[in-house]
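S.K.: According to this note's numbering, the stretch in the sequence shown is residues 275 to 535, in order. Virtual Cβ for every residue (Gly too), placed ideally from N, Cα, C. The structure under discussion is supplied below as structure tokens; questions concerning it will follow.
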Amino acid sequence: MTARAIWKGRILLGPHEVPVKMYSAVEDQAVHFKLLSRQGQAPVHQRIVRKDTGTEVPREEQRKAFPIDGDRAVILQPDELESLVPPASREIHLCRFVPAGLLADPWFDRPYWLGPDEDADQPYFALARAVARQQVHGIARWVMRKKRYLGALLASGDHLALVTLRRSEQVLAMPAIEPARSRAPSEAELKLAMQLVESISGEFEPQAWPNEHRERLRALVAAKAQGDKVKPFKPRERASGTDLADALRASLAAHRERRVA
275 MTARAIWKGR ILLGPHEVPV KMYSAVEDQA VHFKLLSRQG QAPVHQRIVR KDTGTEVPRE
335 EQRKAFPIDG DRAVILQPDE LESLVPPASR EIHLCRFVPA GLLADPWFDR PYWLGPDEDA
395 DQPYFALARA VARQQVHGIA RWVMRKKRYL GALLASGDHL ALVTLRRSEQ VLAMPAIEPA
455 RSRAPSEAEL KLAMQLVESI SGEFEPQAWP NEHRERLRAL VAAKAQGDKV KPFKPRERAS
515 GTDLADALRA SLAAHRERRV A
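Take a look at the structure:
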């Protein structure tokens, strides 16, 4: 099945243009619920009401306001908010390239795949290979769905990806974390820890770690739909206060047993 593009545009790189199509890289897999009344199981819905009188306020009478101090707020009219919407554009502006390791994980927000548009694939693949070979990320700006975005253009295999970036005011610096109050780990403990890390090292296989909460939830729904009695799930309790070396040895032994089995 051919993927469906959610947006089309062109990457501007100096005097050159690279036509691209944008595709979703992630999708919502959350389990969604309906709200029903406890008695009668009738669907319920929310209403916007005045806090002082409880009377319903229709959509055309609702206004957004920004609190400034105390009970005061600045009311913004719909046309005022509309004037802040950026003009529609299909251009992805590449501002600069930075070393790939310069952007830490907290900066990355939502990923998208970029593919070549129509028959203009030669400049697309040339750009993808250049970004991969030089190990850089392109800092990009664009407008999509009435909103300005800041993002990172990066190579993914032979193709390109565009990941939206959080703004500087959203990313927090590493807090001043207190140093360890207990003694430093001994060489023997460090060696055990390194053995444990090595013993469970391998390839990243995302299918091996499914969403357990979603699976249990769906199993619960299926069981109740069939009229089965369901026992509450109780997580296994872990022992606390164990010596570090003993805990490492136990973890290493348990992992070896799993590998043998």
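In the DSSP assignment, the alpha helix (DSSP H) including Leu494 goes from what residue to what residue?
M.R.: Segment Glu486 to Ala499, the alpha helix (DSSP H) holding Leu494.
S.K.: Report the three-state DSSP secondary structure of Glu354 (helix, strand or coil).
M.R.: Reduced to three states, the DSSP call for Glu354 is helix.
S.K.: Going along the chain, which residues of its own chain have a beta-carbon closer than 8 Å to the beta-carbon of Gln336, five neighbours each way excluded?
M.R.: Closer than 8 Å at Cβ, skipping near neighbours: Ile322.
S.K.: With a Cβ-Cβ cutoff of 8 Å, do Ala374 and Gln351 count as a contact?
M.R.: Not closer than 8 Å, so no.
S.K.: Which runs of the beta strand (DSSP E), 3 residues or longer, sit entirely within the region 340-417?
M.R.: Listed in chain order, the complete beta strand (DSSP E) runs (minimum 3 residues) inside the region 340-417 are 346-350, 365-373 and 382-390.
S.K.: Tell me whether Gln453 sits in a helix, a strand or coil according to DSSP, three-state version.
M.R.: Before going on, a small fix: residue 453 reads as Pro here, not Gln. Coil, per DSSP.
S.K.: Considering only the alpha carbon of each residue, which of Pro380, Ser298 and Leu427 lies closest to Ala402?
M.R.: The option with the nearest alpha carbon to Ala402 is Leu427.
S.K.: Which residues bound the beta strand (DSSP E) around Leu287?
M.R.: Its beta strand (DSSP E) spans residues Trp281 to Leu287.
S.K.: Can you tell which of Trp381, Asp345 and Arg415 has the C-alpha that lies nearest to the C-alpha of Arg364?
M.R.: Minimum Cα distance to Arg364 is reached at Arg415.
S.K.: From Ser456 to Arg440, what does the alpha carbon distance come to, in whole angstroms?
M.R.: Ser456 and Arg440: Cα-Cα distance of roughly 37 Å.
S.K.: For Gly425, list the residues DSSP reports as bridge partners.
M.R.: Answer by DSSP bridge pairing, in chain order: Ala414 and Thr438.
S.K.: So, with DSSP's three-state summary, where would you put Pro459?
M.R.: Here Pro459 sits in coil by DSSP.
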